[in-house]
Ligand SMILES: NC(=O)c1ccc[n+]([C@@H]2O[C@H](COP(=O)([O-])OP(=O)(O)OC[C@H]3O[C@@H](n4cnc5c(N)ncnc54)[C@H](OP(=O)(O)O)[C@@H]3O)[C@@H](O)[C@H]2O)c1
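Residue numbers (my numbering): 7 to 307.
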């Protein structure tokens, strides 16, 4: 009897890990959900034993320290979780001959480009979170030849802590909102990323990984600003609310945050398409889907 590949997924209480766990349930894969109580990326000495106990064929590391502003005052923790932690996981994968998929971020780039970032563009993170994720990428590349690093951007889901949820909350409370209009990126639904991860997993479990190891970008197609994203959210909420909050564009300078954000972080996803045949849906189509799910689950959102 052929046994299903064992896939350990970290960060299953988060947006991407949760979406992957949910989406993979119907597939012939054994998903081993590993939340922080099972595998703590900051507790480096315990990671090897925890992975030995679970004995996965592939690890998908969706866990991360994602509090971008808080990271500015907690750099040690951010680097422990996002930098050294993935490195320890990668060392275990190399030593046991296992493969690793590791999630990373558009925030490794400087935000000064005027065309979508490609995988081999130079990185230059502008904040502690981005620097900690860049260190994690480097640690994974160094330690484990059988890796796929998947950078993504502007992640949101029907649940969890994200810009989409914040806009739905504030939009119900206020007649108008001021939203930053000089940062461009690609809003990306967590369940879209989960589908991309499944395509990568299917490829990894059906043949040698050598030809596909490396770094890739996934984002839903198209680009906008936070202001454009907010307005699109409210356009879809309007039929449910019977009103539509006004969205007023402001500059980054008018909305200071502890961590500096890149002004432009659109990701070029062509390499992922060419290698895995993944064609991302438009961010607007994904938003339709997530909004529909949100209002179906909670009609008074
Ligand atoms: N969110 C974004 O906009 C964004 C953008 C680009 C890239 N990414 C990357 O995409 C990946 C997934 O992000 P996400 O949006 O799904 O994040 P998320 O919703 O914030 O979830 C983070 C997950 O990591 C877990 N975690 C935090 N510290 C941990 C630790 N020390 N040990 C083990 N688990 C820990 C959290 O567990 P608890 O529930 O216990 O805290 C949670 O399950 C990450 O690599 C992130 O850097 C995210």
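Backbone N, C-alpha and C fix where the C-beta goes; we use that ideal spot for every residue, glycine too. Since this is a predicted model, take the numbers as computed values, not measurements.
Neighbourhood of residue i by C-beta distance below 6 Å, restricted to the same chain and skipping five residues each side
{"i": "residue 265", "result": "74, 75, 78 and 133"}
{"i": "residue 164", "result": "296, 299 and 300"}
{"i": "residue 196", "result": "21, 22, 25, 161 and 163"}
{"i": "residue 40", "result": "14 and 16"}
Among the options, the one whose alpha carbon lies nearest that of residue i
{"i": "residue 154", "options": "130, 112 and 222", "result": "222"}
{"i": "residue 80", "options": "287, 137, 232 and 69", "result": "137"}
{"i": "residue 238", "options": "208, 249 and 290", "result": "290"}
{"i": "residue 268", "options": "119, 44, 31 and 175", "result": "119"}
{"i": "residue 213", "options": "282, 199 and 188", "result": "282"}
{"i": "residue 278", "options": "125, 180, 151 and 175", "result": "125"}
7 Å CB neighbourhood of residue i in its chain, flanking five on each side removed
{"i": "residue 149", "result": "93, 96, 97 and 100"}
{"i": "residue 210", "result": "64 and 105"}
{"i": "residue 122", "result": "272, 273 and 274"}
Extent of the continuous alpha helix (DSSP H) to which residue i belongs
{"i": "residue 142", "result": "134–149"}
{"i": "residue 198", "result": "196–210"}
{"i": "residue 218", "result": "Counting along the chain, residue 218 falls outside any alpha helix (DSSP H), and DSSP gives it neither H nor E."}
{"i": "residue 176", "result": "169–179"}
{"i": "residue 95", "result": "91–102"}
Whether residue i touches residue j by CB criterion (8 Å)
{"i": "residue 185", "j": "residue 253", "result": "yes"}
{"i": "residue 66", "j": "residue 273", "result": "no"}
{"i": "residue 131", "j": "residue 226", "result": "no"}
{"i": "residue 14", "j": "residue 38", "result": "yes"}
{"i": "residue 110", "j": "residue 82", "result": "no"}
{"i": "residue 271", "j": "residue 191", "result": "yes"}
{"i": "residue 36", "j": "residue 27", "result": "no"}
Where the beta strand (DSSP E) through residue i begins and ends
{"i": "residue 288", "result": "Premise fails: residue 288 is in no beta strand (DSSP E) and is neither H nor E."}
{"i": "residue 39", "result": "36–40"}
{"i": "residue 50", "result": "That residue, residue 50, is in no beta strand (DSSP E); its alpha helix (DSSP H) goes 50–60."}
For residue i, the residue or residues it bridges with in DSSP
{"i": "residue 191", "result": "230"}
{"i": "residue 254", "result": "184"}
{"i": "residue 67", "result": "16 and 108"}
{"i": "residue 44", "result": "Answer is none; residue 44 lacks a bridge partner."}
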